[in-house]
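S.K.: Have a look at the structure that comes next, please.
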Amino acid sequence: MKRKIKSLSELADLRKRIISNRDPNKPVVTICIGTGCTALGARKIVEVLLEEIKAQNLNDRVEVKETGCLGFCELGPRVILFLRGYHTLKSSPKMCLKLSQRL
Ligand code: FES
Numbered sequence: 002m003k004r005k006i007k008s009l010s011e012l013a014d015l016r017k018r019i020i021s022n023r024d025p026n027k028p029v030v031t032i033c034i035g036t037g038c039t040a041l042g043a044r045k046i047v048e049v050l051l052e053e054i055k056a057q058n059l060n061d062r063v064e065v066k067e068t069g070c071l072g073f074c075e076l077g078p079r080v081i082l083f084l085r086g087y088h089t090l091k092s093s094p095k096m097c098l099k100l101s102q103r104l
């Protein structure tokens, strides 16, 4: 169900709800699939990362999220691993395999 956010306090409440539902010990890999990053190969990175997570049987231990433009598109594809503060610019499938070893 989509709901329109009508005020800053509703946005703050939504943020609190999302954070409280998240396991703070579960890494979240966020991959930008905005136009720029997609043009630079982000979809292949998502595919390789999901395959590797499955191969390592990490499905329950890591969350992969696709997101819109994070800014600095020229440095894409951008990948961020929340939990360990790992952030890659100009990412590649090979870099994501290395990233998966840090999960
Ligand atoms: S499209 Fe990925 S940072 Fe802009």
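At the far end of the sequence shown sits residue 104, using this note's numbering, and the numbering has no gaps.
Glycine included, each C-beta is placed from N, C-alpha and C at the ideal position.
Note that the structure is predicted; figures quoted are calculated from it, not measured.
(1) As a quick check of your reading: which residues have a C-beta less than 6 Å from at least one non-hydrogen atom of ligand 1, in chain order?
(2) Run the CB neighbour count on Leu100, radius 10 Å, all protein chains shown included, and call it buried at 16 or more, exposed below.
(3) Can you look up Leu82 in the DSSP assignment and give me helix, strand or coil?
(4) Report yes or no: do three or more beta-carbon pairs, one from the segment 16-31 and one from the segment 66-73, lie closer than 8 Å?
(5) From what residue to what residue does the beta strand (DSSP E) around Ile32 run?
M.R.: Let me lay it out:
(1) Listed by chain position, these are Cys33, Gly35, Thr36, Gly37, Cys38, Cys70, Leu71, Gly72, Phe73, Cys74, Gly77 and Arg79.
(2) Leu100 should be labelled buried.
(3) Judged by DSSP in its simplified three-state form, Leu82 adopts strand.
(4) Using a C-beta cut-off of 8 Å, the segment 16-31 makes contact with the segment 66-73, since at least three inter-stretch Cβ pairs fall below that distance.
(5) From DSSP, the beta strand (DSSP E) with Ile32 extends over Val29 to Cys33.
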